[in-house]
Each structure stands twice: as structure tokens, then as C-alpha cells.
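Asks: Structure provided below as C-alpha cells; questions to follow.
Residue numbers (this note's numbering), protein chains in the order written: chain C, 1 to 509; chain V, 1001 to 1509.
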């Protein structure tokens, strides 16, 4: 393929944005490789490489040339519809350009370098549960993010700057309001089921599950979801994640716990949900900044929907349970769909976010959201973080944190500079609730399909309504189209009540 | 680490060259990933990404800014010695800059894109032995390389332009002269042993060698050589290669043949030899264009020395054989060092270059060297290549090529644009002969060490004499220092005569 020189400003913009999308793929590959393949001593060189790519990419993007191209392209749109690819390219490009050009390229490079270094330091600190060794890295990351926030002088609050990077247009005040509502609903639900824990037996989820058999089970599961070796791969990672290098090169990761089955099973479904989003972006948006879904709330809505609403749903549990029974010995070999469904939905306040049930999960997020703001606003020092973390876990979830590896060091995000990311998980749950309600209305026999292990129509519905648009629309714009309104707490809570009524034999209407 | 702005021209040059070294790592990672990890459908996006990185890197390098920096840095050298890192940075930087700026960045990008696409097409073509499907890709690669050569108007011959990319300063006429001498020596050796084939039994090298046991054996072997999981990794590849992302992130690859043991064994030693070179470059040269060894003749001298002079040598065969005997069942389980030594050095004209014995190996290279020149000069058309290939194999090696997979499609090089690379393998053999002669003089008990499985002193000698210098010296400059002269055929032939005298019980003095 050649890219002939042209004077058509839209083609020129597409070409420049295409090169920037290539550099984004490079940054992503550097990170994917670091997390899955790189030998540990490669970390120093890798951090410099990541910083250089970020600096060059940032310089290229924020240049006046890009500004002129955006302006010329905007004029050349000739009233193209809001929904058109070109109008979206100009609109999204201009929004990102105006934000990015406030930030010095050197700071952008410093952030990338610190993220790479921090991630490596986190692996060591977590494996030794040694928060003290991690303090300088975390302080560096928060210091850089504060300098990043200082680039913006028109914010309602500091946190808005970073939150907007993970879900453009969303404001801290909106999240705080939604989380207030969510928190009180969740606490009520926890309260309602807390005395009925003996109604659900989940002991069989703990046991001995040989990793090679887990791998086969997960391969079977992912294939049902649409995983295809010609365009996907799956690897191991300390903290699972998904990455997309365009719609034909999707990479997911998972981890394995020999003694607890849900870790790999639902972890893989979660990441595959992300992967389907990357894969589902329209061909026409490839090699463009629109080709990679931008709103992480939407992204998490996809992973959480597949992980929980499908994977931990009653219909599909009837498909999963016999496969699991066939794969392993021990008590789990005698479990049917209904017992399995109940077990994987037992509400138990616990230590680890990614293994939390759907109800307590939201509280893990609220804790992180609160702590991040306190850290950014200087109300909390990094060295005091473990104490604050443990106190908040005792207060919100009633659990004692035995060590930092299972506490403040459990997540990779802060280590790799992803500050402001966590709220999108809970927002993703809310959006998933809205989408799941809507898809049931559109596909009345969806539950029958899921019970038969047929996931195709659900995937195509999500592709049509969400995936194919890539980054053309913000989460608010997309939700207005698909569910006729903004992010809301109601459908998710209704969904949880329905599920808990079944799991605990309660009336929670 | 910060990179403060400075007006010291040497620091500025170092910083710019450091960023370019980072981009080289990126290009290398894109390629490593494509050859080892990438799902096949990712190929189209990968080719665009590789092209963009190459274009940006080339533009940055060939800019007038770089020229001014080189000039200012040269003045600032203040008579620094030829051997100093700074003098080498300026000297090597200027040489590369003057060559690269003749080439349009768009052509550099087109070459990178075509290399990526061609490599993928080759995998498919080779697996189906379908040369016809591969013709358009190969034609494209040769057309682009011809356009590349056209950028230079001061060449003695077209081939000089590409040869110089793989071994700076080496000229086609020199290679032709060396190869003429080499060819007649090798043909004489083949002639001398051809009637005595029955003196060497290598049947036990064919059999059943379970891959998992091969993996364990290779792991043991590589560990002896210095492979260390903290800074190395090994993966499978269709065509084995090595890559270095600085001295602390070395990646080698190999392939496995369940029915022929030497494929993985000597393939892994070969790539580990490359890896040791990458690892051995001085810390002070990291993140610099000097940090990655540039002369592929020197590079191949390292891989071939470890593969053949150590791995297929008499002393180390006594270490290898018992390990192999312990690892497998069948006839190989009863083989001692001496029988093993003879078997792996049996001279047998054959089809596949990378599995050829050391004597016939050179002829595989001569064939490619001749064909490349004919293709570049338009004396041979790509579509006629299989016929020419097969005729040359019949003439030089007396073997019939049964299909293109085992013929013209066996090597990845042309597919990925590496035209002019092959001679460096044979030059590497010659240099290895010179180095092996010299190290025996410097370390009189080397054979005793090798017989005891001690590879440390040899590795350190190579590190001291060759590896640590990275790209500071051309192959000619380095050889002048280490063996007091230019590349020569004699020591390699003497080495072969010594070996064949033992293997065949002949007088070849």
C-alpha cells in the first residue's frame, strides 16, 4: 500500500492520524511485551524506549501542523453528519489535540518512563509484599500526575483531568453522585443477604484444579465466545489485561490459581469481553485514532457483561457446570448448573477486587476512587496509604487486610501510572446493567440462547450497538443512542436484586 | 532518568542517537513479535506500523539537524582517540548519516512495509511449497532494493550498496575473491572425503527425539553457555533468529525436529552465540547506535564459532554425548563423544543450508551470493529463480531439489528484504576460523576447558576482544586489532583439514 502525497486536507489528516495510531500500537506492544514476555533485566532499556515513543508521538500530535490540518479538515467536512467517520475523526482529533497540547512532550515522556519503571517495581514489591520498596515509585507517579494536572487551569477539580483521559466528558462530580447512590444500594443489598450466607455453598470452588485442565477449559470457553487463533492470542500475566493492535490482532491474558477455579475462568471471560470490543471495531476505522475504543467505562461494560451477566448468569451456568464437572475431580465434578450459579454469586466481602462478587465489587472501587482523590489533593501521603487502605477495607467491607500484597499492592494500575482509571470499572458495571436490560428487550429469547450456549446473537448485538463505533462517540453519546439516556444506577441494581433473589431465595423486589 | 536540555554538542548528539537507538529497538520488537507471537491476521496492520516507525526514524536521522549535530560534535571531540566512545559515535554516526540521507524516507518505509508483508507471505508459501504465490512479493522486494541501490551513484557495482549495509566497508570484489579461494578449497575437501563416507556413521542422529526432552537438553546446554532467564528468553520460530534490545534483554529462537536432533541443538547454540554478542556489548555503549553489533560477518563469526567450533568440536562433543545419551532412548543412548563428534561432522552435500556440514555450507552461500547478484543486475528474473536455484544445487552440490520448500523457499531472508546478507555467513565462518586460531594461542588449555564443559574463559575472551566494542569498529578494523590482518581463508581451511583428518582418519595436511 502506498500513501500518496495529497492536498486533500481530510486525506492528509487521515494519514497523520494513521501514523499516530501506528505509534499507539507500538506503545501498546511495548507494554504488552513488558507484561508478558520481557525478561526482567530488560526493564531499564524498555522504560527509555517507551519514553522515546511517547515523546515522538506527542510532539507529532501536538504540533501546529496537526492544528492546521484539523482546521482545514473541519472546513472540508462540508456539513458531514455528526455520525460520519470523517466528522468523528475531526471532532475526536480536535478534542484530544486541545487537551494534549497543554502538556509538554517531555512530561508525556516522563509519564511513560515512570509507568514502565513503576510496573516492574510493582511486580517485585507485590511478590514480596514490600510496600516500603515501592514508595519512591508510587510517589514519582503521583508527582508526575500532579504535574500533568497542573497543565490544565480550567478544572472544577484536579481529578477531572485524569478521569477525562479514561472516559472523555465524564466529570468527578457525576461519578461521586452515581457512586453515592450505588454505595447505599450495595450496602443495603449486602445487609439483606448477610444473614443468609448459609443458604449458598461455594466450598467446591476451592480445591485442586490442575492448570493444564484449566487451560483446556478456558480454551473451550473462549472459543464459544469467538476467540480465533488466526486473530487472537492468550498469555499469562501477573495482572491480566487485554490489548488490541487493530481488529485482527487481539491479545488477552489471564492468570491461574490451582486452588480456586473462578480466577482463570471469569478472568479469561472478562478479558475476552475486552477483546471482542477491540475486534468488533469497524474495518473503516482501522489505522485511525477511532479504531481503538477510548471510553474505558464502555470497555469495562463489555468485560463485566461477559464475565458476570453471561458467565455468572443462570442460563449460561447450566452450560458451564457440566464442562467443569467433566474437567476436574473432587466435589466440583458433581455440581449442576443451579448449584454452580449460586456458588459463583455468593456475596462475601473480601480482599481482592478482581475476585469479588458483583455486589461488594463496587465498594472496592469506591475505596480506590476516594483514596486517589485524597492522594492527588495532598490530603493523604503515599507512605500513609497502606494504613488508609486497610482502615477503609475494615470500614466498608469489614475485612482485615493481612498484608500489602493482598491489600494496597494487589492492583497494577497506580504502579503503571493509571490514576483515575478505577471508577470506570464501576461505571462499566452500571452501563453493562443498562445494556443487558436493553438487549433482553431486543432479543426476547436471549436467555434461552445463553442456556443453549449460543453466544453469537449477543455478540453481534453488542458489535452492532457498541463495538463497531470504536471511539466515534463518547460514552454519553453512545448511551444516548443505545439506551436513550445517561449512565444510571437503576438497571444494574435491578439486575442484582433479581439475581440475589434467586441465589438466596429472597424477595428483594 | 531525565535528559536535560544541553548545549554540549556531544551530549546532544548522544541524546538524539539514543532516541534513534530506541526506535531501532522498536523496529526489532515489531519484527521479533511478528516472527514469534503475532497472530497471522495481524500482518496487515503490523506492516503499516513497521513502515511508520521506519519512516519516522529515517526522517529524524537524515535531517539537517542531525548533520549539524554531527559536525558540531566532531569539532568538540578535541582529538579524542579513534578508540574512544565519542569518536566512534561521531565516526559511525556520520558514515550512516551520509548513506541514509541519499535514501528518501518514503522508500525506507516502503522497504520496511514490504519486508513485513513478504515475511508473512513466505510462511504461507513455504508451508505449501508454493513459489508461484510468492513471486509478486519477491519481485516487490527486489524492485525496492533496486530502487534503494539507485540512490547511490558512486558504486563499483550494484551489490556493494546492500553488502555494505550488512558489513560496512566490505566490497563485492573482496567477497568474490575470498569466495573463489574458499570454493576451490572446499571442493577439494569434499573431493578428498567423498570416497570415505562409509568411515563415519551418523545414522543415530536420525530417530525419535521427543520435543520436551529436546527442550530440557537445550536448556541445559544454553545455561552452560551463559543463558540467564533474568536477561534472556528463548522461543520457537519458523526460521530461527536472535534479537537484542540492549545487553539485558536478549531473545533467541529455535525450531525443533522430532526426528533429527542437530536441528534444535546446533540451531540453539548458533543463536545463543549471537545472543552472547548482544549481551556482551559494554554498558557504556547502551542506548546508542554503537550498542548493537553492526557487522553481520562478525555476528555470524560468533554464532558459527559456538555452533561449530565449540558445539561440533571434539572436546565439547565429549560433554554433549553423555547428556544426549541420558536424554533419549534408541541408538543415540549408546553413543560416546568420539562417535558423536564424527557423526556431526560427516560431510554430506545436502539441501538445507542451516543443517549443512561446515564444508558444504560454504557452497550454499556461494550459490545465494551468485543468484542475488544476477537478480539485482536483471540477469535473472524472479520467476526463473527456482530453475536457476535447482540447477546450481545440482552443479555445486550434486543434489536434486525435490520441491521449493526445501529449495528456494527454505530461507526467510529474501522474503524479509534481507538481500546481500548471505555472504556474511561464509565471511563469519572465515572470521571464526581466525578467532579460534587466536584464542587457542591466547588460552593454551582451551581444549581441556572445553572438554570439561567449561565455556567461561572462551566467552570472556570473545567478550573482551569482540563483544564489548559493539559497533565501534568495522569488521576490518576489529580484525586488524585481534588477528593482525584482514579476513582470510587460510585459518578456516586449516581448521577444517584438522577436523576432517580426525573424522575420516585421513592425512589432509
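Every residue gets a Cβ at the ideal spot worked out from N, C-alpha and C, and that includes glycine.
Since the structure is predicted, the reported quantities are computational estimates derived from the model, not experimental observations.
Looking at chain C, which residues of the region 1281-1298 of chain V have a Cβ within less than 8 angstroms of any of its Cβ atoms?
Replies: If the cut-off is 8 angstroms between Cβ atoms, the region 1281-1298 of chain V has 1286, 1287 near chain C.
Asks: I'd like to know if residue 1312(V) contacts chain C, where contact means its C-beta is closer than 9 angstroms to some C-beta of that chain.
Replies: As a first step, residue 1312(V) must be located in the second chain, where it is residue number 312. By this cut-off, residue 1312(V) is not an interface position.
Asks: Tell me where the beta strand (DSSP E) around residue 1036(V) begins and ends.
Replies: Here the question's residue 1036(V) lines up with position 36 in the second chain. Not the beta strand (DSSP E): residue 1036(V) falls in the alpha helix (DSSP H), residues 1009-1036.
Asks: Could you please give the first and the last residue of the uninterrupted beta strand (DSSP E) stretch that includes residue 80(C)?
Replies: As a first step, residue 80(C) is located in the first chain; it is residue number 80 there, counting from the start. Residue 80(C) -> no beta strand (DSSP E), and no H or E assigned at all.
Asks: Pairs of beta-carbons, one from the region 1281-1299 of chain V and one from the region 1470-1483 of chain V, closer than 8 angstroms: are there three or more?
Replies: A contact exists between the region 1281-1299 of chain V and the region 1470-1483 of chain V.
Asks: Tell me whether residue 322(C) is buried or exposed, calling it buried when 16 or more other Cβ atoms sit within 10 Å of its Cβ.
Replies: Position 322 of the first chain, counted from the first residue, corresponds to residue 322(C). With fewer than 16 Cβ atoms within 10 Å of its Cβ, residue 322(C) is classed as exposed.
Asks: Of all the residues that make up the region 1230-1256 of chain V, which are near chain C by a beta-carbon distance shorter than 7 angstroms?
Replies: Of all residues in the region 1230-1256 of chain V, 1230, 1231, 1232, 1233, 1245, 1246, 1248, 1249 have a Cβ within less than 7 angstroms of some Cβ in chain C.
Asks: Is there a Cβ of chain V sitting closer than 9 angstroms to that of residue 517(C), yes or no?
Replies: This structure cannot speak to residue 517(C), because chain C is shown only from 1 to 509.
Asks: Could you give the residue range of the alpha helix (DSSP H) that holds residue 117(C)?
Replies: Residue numbering aside, residue 117(C) sits at position 117 when the first chain is read from its first letter. From DSSP, the alpha helix (DSSP H) with residue 117(C) extends over 105-127.
Asks: Would you kindly check if the distance between the Cβ of residue 1166(V) and the Cβ of residue 1424(V) is under 9 angstroms?
Replies: To locate residue 1424(V), count along the second chain from 1; it is residue 424. To locate residue 1166(V), count along the second chain from 1; it is residue 166. Yes; because the gap between Cβ atoms is below 9 angstroms, this pair is in contact.
Asks: Under the rule that 16 or more other beta-carbon atoms within 10 Å means buried, what is residue 334(C), buried or exposed?
Replies: Working through the first chain from its first residue, we reach residue 334(C) at position 334. With fewer than 16 other Cβ atoms within 10 Å, it is exposed.
Asks: Using the rule of at least 16 other Cβ atoms within 10 Å of the residue's Cβ for burial, across every protein chain shown, is residue 495(C) buried or exposed?
Replies: Position 495 of the first chain, counting from 1, holds the residue named residue 495(C). Flag for residue 495(C) reads buried.
Asks: For residue 1234(V), list the residues DSSP reports as bridge partners.
Replies: Against the second chain, residue 1234(V) aligns to sequence position 234. For residue 1234(V), which the question treats as bridged, DSSP gives the partners 1252(V).
Asks: With a cut-off of 9 angstroms, does the C-beta of residue 470(C) fall near any C-beta of chain V?
Replies: Here residue 470(C) corresponds to residue number 470 of the first chain, with the count starting at 1. Not an interface residue.
Asks: Checking contacts by CB at 9 angstroms: is residue 1100(V) closer than that to chain C?
Replies: In the second chain, residue 1100(V) corresponds to position 100, counting from 1. No, because no Cβ of chain C sits closer than 9 angstroms to the Cβ of residue 1100(V).
Asks: At 4 residues or longer, and completely inside the region 1331-1396 of chain V: list those alpha helix (DSSP H) runs for me, N to C.
Replies: Entirely contained in the region 1331-1396 of chain V, the alpha helix (DSSP H) runs reaching 4 residues are, in chain order, 1337-1343, 1358-1376.
Asks: As a quick exercise: from 183(C), 197(C), 262(C), pick the residue whose alpha carbon is nearest that of residue 355(C).
Replies: Here the question's residue 355(C) lines up with position 355 in the first chain. For residue 355(C), the nearest C-alpha among the options comes from 262(C).
Asks: Checking 9 angstroms against the spacing of the C-beta atoms, do residue 160(C) and residue 177(C) come in under that value?
Replies: Position 160 of the first chain, counted from the start, is the residue given in the question as residue 160(C). Position 177 of the first chain, counted from the start, is the residue given in the question as residue 177(C). No, the Cβ-Cβ distance between residue 160(C) and residue 177(C) is not below 9 angstroms.
Asks: Could you spell out where the alpha helix (DSSP H) holding residue 1246(V) opens and where it closes?
Replies: The sequence position of residue 1246(V) within the second chain is 246, counting from 1. Neither: residue 1246(V) is in no alpha helix (DSSP H) and is coded neither H nor E.
Asks: Which of the three DSSP states is assigned to residue 209(C) in this structure?
Replies: For the purposes of this step, residue 209(C) is taken as the residue at position 209 of the first chain. Of the three classes helix, strand and coil, the one that applies to residue 209(C) here is coil, per DSSP.
Asks: For residue 1228(V), which of 437(C), 41(C), 460(C) has the nearest alpha-carbon?
Replies: Here the question's residue 1228(V) lines up with position 228 in the second chain. Measuring from the Cα of residue 1228(V), the nearest candidate turns out to be 41(C).
Asks: To which residues does DSSP link residue 260(C) through a beta bridge?
Replies: Within the first chain, numbered from 1, the residue matching residue 260(C) stands at position 260. Beta-bridge pairing links residue 260(C) to 206(C).
Asks: First and last residue of the alpha helix (DSSP H) that includes residue 1291(V)?
Replies: Locating residue 1291(V) in the second chain gives position 291, where the first residue counts as 1. Per DSSP, residue 1291(V) belongs to no alpha helix (DSSP H) and is neither H nor E.
Asks: Decide if residue 328(C) is buried, meaning its Cβ has at least 16 other Cβ atoms within 10 Å, or exposed.
Replies: The residue given as residue 328(C) occupies position 328 in the first chain. Its Cβ being crowded by 16 or more others within 10 Å, residue 328(C) is buried.
Asks: If you draw a straight line from the C-alpha of residue 1156(V) to the C-alpha of residue 1417(V), how long is it?
Replies: Taking the first residue of the second chain as 1, we reach residue 1156(V) at position 156. Taking the first residue of the second chain as 1, we reach residue 1417(V) at position 417. Answer to the nearest angstrom: the Cα atoms are 22 angstroms apart.
Asks: Return the Cβ separation of residue 1489(V) and residue 1185(V) in integer angstroms, given the expectation that the two are a contact with Cβ distance under 8 angstroms.
Replies: Numbered from its first residue, the second chain carries residue 1489(V) at position 489. Numbered from its first residue, the second chain carries residue 1185(V) at position 185. With a Cβ gap of about 6 angstroms, residue 1489(V) and residue 1185(V) count as contacting.
Asks: Strictly under 9 angstroms for the Cβ-Cβ distance: is residue 491(C) near chain V by that measure?
Replies: Against the first chain, residue 491(C) aligns to sequence position 491. No, residue 491(C) lies away from the interface with chain V (no Cβ there is under 9 angstroms from its Cβ).
Asks: Considering residue 1054(V), what are the terminal residues of the alpha helix (DSSP H) in which it resides?
Replies: Here the question's residue 1054(V) lines up with position 54 in the second chain. 1043-1062 is the span of the alpha helix (DSSP H), which, as asked, contains residue 1054(V).
Asks: Report yes or no: is there a C-beta of chain C within less than 9 angstroms of the C-beta of residue 1225(V)?
Replies: As a working mapping, residue 1225(V) is identified with position 225 in the second chain. Not one chain C Cβ lies under 9 angstroms of residue 1225(V).
Asks: With 16 other CB atoms within 10 Å as the buried threshold, where does residue 480(C) fall?
Replies: In the first chain, counting from the first residue as 1, residue 480(C) sits at position 480. Result: exposed.
Asks: Rounding to the nearest angstrom, what Cα-Cα distance links residue 369(C) and residue 379(C) in this structure?
Replies: Against the first chain, residue 369(C) aligns to sequence position 369. Against the first chain, residue 379(C) aligns to sequence position 379. Straight-line Cα distance between these residues: approximately 14 angstroms.
Asks: Does the beta carbon of residue 42(C) sit closer than 9 angstroms to a beta carbon anywhere in chain V?
Replies: If you number the first chain from 1, residue 42(C) lands on position 42. Yes, contact with chain V.
Asks: Short of 6 angstroms in beta carbon distance, which residues of its chain neighbour residue 244(C), apart from the five on each side in sequence? Order them along the chain.
Replies: If you number the first chain from 1, residue 244(C) lands on position 244. Answer for residue 244(C): 250, 278, listed in chain order.
Asks: Which word fits residue 1505(V), buried or exposed, when buried means at least 16 other C-beta atoms lie within 10 angstroms of its C-beta?
Replies: If you number the second chain from 1, residue 1505(V) lands on position 505. Exposed, because fewer than 16 other Cβ atoms sit within 10 Å of the Cβ of residue 1505(V).
Asks: Is there at least one Cβ from chain C nearer than 9 angstroms to residue 1033(V)'s Cβ?
Replies: Against the second chain, residue 1033(V) aligns to sequence position 33. Judged by the 9 angstroms Cβ criterion, residue 1033(V) is in contact with chain C.
Asks: Please go through the same chain and pick out, in chain order, the residues whose beta-carbon is closer than 7 angstroms to the beta-carbon of residue 1318(V), but skip the five residues on each side of it.
Replies: Counted from its first residue, the second chain places residue 1318(V) at position 318. Same-chain partners within the cutoff: 1337, 1451.
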